[in-house]
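Remarks on the structure that follows.
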Amino acid sequence: MDSTKTRDESSIDIPQSKSTKAKTTTAIATTKAITPHPQGGWKRGVAIFDFILRICALVAALAATATMGTTDQTLPFFTQFFQFQASYDDLPTFTFFVVANAIASGYLVLSLPFSIVGIVRPHAVGVKLLLLILDTVMVAFTTAAAAAAAAIVYLAHNGNPNTNWLAICQQFNDFCQKVSGAVVASFIAAVILIFLVVLSAVALRRH
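The sequence shown begins at 358 in the working numbering and counts up by one.
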């Protein structure tokens, strides 16, 4: 029994020193600081893809604006009182088309710096939300202009016998080709803007 007491008295608990606790806490904090954020690379890749899509949409919108804005054809034959000429500003729909795509082009130019901010700071929510809202507005704007112009281009190619609308593309072939190309470019810009809206929404959803 005396030996048992002696063994119990000889076992002394050594408390953990404050310096050891401090070192352990520092090591844990350092490990947490070094561990990278798992979504940082993915969000930066999405931001880079967003920037590339904006450049593509800008090129398409500028092409649509320039093509439609320079469309003008005069037939080689004319009379003393009439000259057969077709120009985009003869139709208010085509004028609206030029203005809408010009506004979209200007917006895309101004949105490029914000897209670069998204690349530098991939976790910034405010910039992405602002671009999402404005991109949605531009989608509606460009789609409305392209759809309205497409209806006029269809009438120019096929006419409408019920309302005595004559097809003019047999005479104004160059004019119709240019306005058709401008409408296609505008629809391409609208589709790219739709992709931008979806991309921004997914990025915000996974934030």
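Here a beta-carbon is modelled for each residue, glycine too, at the ideal position from N, C-alpha and C. The structure presented is a predicted model; accordingly, all values stated were derived computationally and were not measured.
query: Starting from ALA443, follow its DSSP beta bridges and name the residues at the other end.; result: GLN430
query: Rounded to whole angstroms, what is the Cα-Cα separation between ARG411 and THR422?; result: 16 Å
query: Since VAL536 and PHE471 should fall inside the 8 Å C-beta cutoff, what is the C-beta to C-beta distance between them, to a whole number of angstroms?; result: The pair is not a contact, with the Cβ atoms about 33 Å apart (cut-off 8 Å).
query: How far does the alpha helix (DSSP H) with HIS514 in it extend, from its first residue to its last?; result: 482-515
query: Is the region 397-417 touching the region 548-559, taking contact as three or more C-beta pairs under 8 Å?; result: yes
query: From ALA546 to GLN534, what distance separates their C-alpha atoms?; result: 19 Å
query: If you measure between the beta carbons of ALA457 and ALA418, is that distance less than 7 Å?; result: no
query: Quick check on ASP492: buried or exposed, where buried means 16 or more other Cβ atoms within 10 Å of its Cβ?; result: buried
query: Which word fits GLY483, buried or exposed, when buried means at least 16 other C-beta atoms lie within 10 angstroms of its C-beta?; result: exposed
query: For the putative contact between GLY538 and THR427, defined by C-beta atoms under 8 Å, what is the C-beta separation to the nearest angstrom?; result: About 11 Å; that fails the 8 Å criterion.
query: Would you mind sorting VAL477 into buried or exposed? The rule is 16 or more other CB atoms within 10 Å of its CB.; result: exposed
query: Look up ILE391 in the DSSP assignment and say whether it is helix, strand or coil.; result: With a pLDDT of 39 at ILE391, under the threshold of 50, the modelled position of this residue cannot be trusted; read the value that follows with caution. Three-state DSSP puts ILE391 in a helix.
query: Going by DSSP, which residues form a beta bridge with TRP308?; result: The chain is shown only over 358 to 564; residue 308 falls outside these bounds and no answer can be derived.
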